[in-house]
Amino acid sequence: MLVLGIETSCDETGLAIYDSEKGLLADELFSQIEIHQDYGGVVPELASRDHADRVLPLLQNLLKSTDKTLDDIDLIAYTAGPGLKGCLLVGSTFARSLAYITDKPIISVNHIEAHLLAPFMEYPELSFPFFGLLISGGHTMIVDAKTIGEYEIMGETLDDAVGEAFDKSAKLMGLDYPGGPLIEKLAKEGIEGSYKFPRPVLNKPNCDFSFSGLKTHIMLTWKASEKTEQDQKNISLELQNSVSDCLVGKLKRAHSEKGHPSIVISGGVSANQFIRERITTFAESIDAKAYYPTKKFCTDNGAMIAYAGYKKYEAGQMYNLHGEVKPRWPLDKLNECLNG
Ligand code: KG4
Ligand code: ZN
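Each number in this note's numbering comes from the position in the sequence shown (counting from 1) with 230 added on.
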């Protein structure tokens, strides 16, 4: 079965074809980073306009590179939420039009569920139940993934997402958007022990996170510093240390509650090598295994939507939103959309 995946929820236009026999055939991605860079964050109207311009040429490239036609596609999967409404509507309208003209089935995919399922593409040994740690620009949560379609959110951020904390801290120090990769680079040359930032809500008896206080702390630290490049490096290092301690601390708590043997880490921040190593070391210490998608599948992409579309179809979990998109679509409320 050939599945076309369409992702347009935020600032990446991603399309891919997944073959249930052969795996991923090809994927096309356009990242809008440069479009939003001057604004220090994603501008929704610019994002949706660009998705509308890109989605058809990307589909044409995809079909050409795989030597397929629309008639070869058996299922069309698209992100219906969560995300920016205008952006989601571009993908939804495009997917629905394709399904209509080809008379093929269509499946609505939850973007967060797709992030959680993505590592199955690369790690056949991975199985439910597992912990999902989603760390991106828009989300930070620990999920108890019981089985496909059944998820319990054990904890999430009370304010900023972890990627947001990286991006906002970077902006405060005059760095470009997105700040995460730059912070990681600078942190490599930071001097350990130069600063000690708080580990917000780490000791609270739950799996929640909070990062907005950390950002304020960094603003004050930066203002009081001499604003040299070394200050940027030292702050970046301690930011990474603080974030890693919080992520590992809450995973530890989640593990003490449920004891799952696998941790699936996804979302843009999981591209951070330092955080990966900290989580891997923790996982080894409890005899668990940490699974990461390849870096290009950590951030938003069409492959994870095509793959999730296939897995949901196979499981008989067809969410049909009838053209509606869901800017907010909680992971623990998926079943409400079944056969809708
Ligand atoms: O999953 P993603 O592509 O989409 C959104 O949720 O928007 O994640 C993007 C986020 C941004 O906040 C970016 O700064 C962060 O992931 N990010 C990183 C790294 N690479 C991307 N954060 C820390 N270290 C990195 N290497
Ligand atoms: Zn995402």
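Yeah, the Cβ is synthetic: ideal placement off N, Cα and C, and Gly gets one too.
Asked	Found
Rounded to whole angstroms, how far is the Cβ of I365 from the Cβ of K480, which I believe are closer than 8 Å?	So it is not a contact: roughly 11 Å between Cβ atoms.
On a CA-only basis, which of A536, K418 and Q470 is nearest L347? Give me that one, please.	A536
Going along the chain, which residues of its own chain have a beta-carbon closer than 7 Å to the beta-carbon of L551, five neighbours each way excluded?	A310, S338, C567 and G570
Considering only their Cβ atoms, is the gap separating C437 from E487 smaller than 9 Å?	yes
Quick one: what's got a C-beta closer than 6 Å to S250's C-beta in the same chain, skipping five residues either side?	M231 and Y540
Exposed or buried, which one is S399 when buried takes at least 16 other CB atoms within 10 Å?	buried
Is S261 helix, strand or coil when you go by DSSP?	strand
Once DSSP output is grouped into helix, strand and coil, what is the label at Y549?	strand
DSSP has A520 in a bridge; who is on the other side?	I493
Based on DSSP bridge pairs, tell me the residues matched to A533.	Paired residues: none, contrary to the question.
Would L364 pass as an interface residue toward chain C - the criterion being a Cβ-Cβ separation below 9 Å?	Structure shown: chain C not included; a single protein chain is present.
From which residue to which residue does the beta strand (DSSP E) around E382 run?	E380 to E386
State the Cα-Cα distance for the pair L412 and E258, rounded to the nearest angstrom.	25 Å
Put H338 into one of helix, strand or coil per three-state DSSP.	The residue you asked about is not His; residue 338 is Ser in the sequence shown. Strand.
What residue from E419, F441, I331 and E414 has the CA that sits closest to N502's CA?	E414
Which value, in whole angstroms, describes the spacing of the CA atoms of C317 and V285?	11 Å
So E251 is in the alpha helix (DSSP H); what residue range does that whole segment cover?	Taken as a continuous stretch (DSSP letters only), E251 belongs to no alpha helix (DSSP H), as it is neither H nor E.
With a threshold of 7 Å on Cβ separation, who are the neighbours of G498 within its own chain once the five nearest residues in sequence on each side are excluded?	S366, G367, G393, G410, C528 and T529
Quick check: A325 and I342, are their CB atoms within less than 9 Å of each other?	no
T243 bridges to which residues according to DSSP?	F260
So does S239 have its beta carbon nearer than 8 Å to some heavy atom of the ligand ZN?	yes
Please work out which residues of its chain come closer than 6 Å, Cβ to Cβ, to M548, disregarding the five sequence neighbours upstream and downstream, and give them in chain order.	I337
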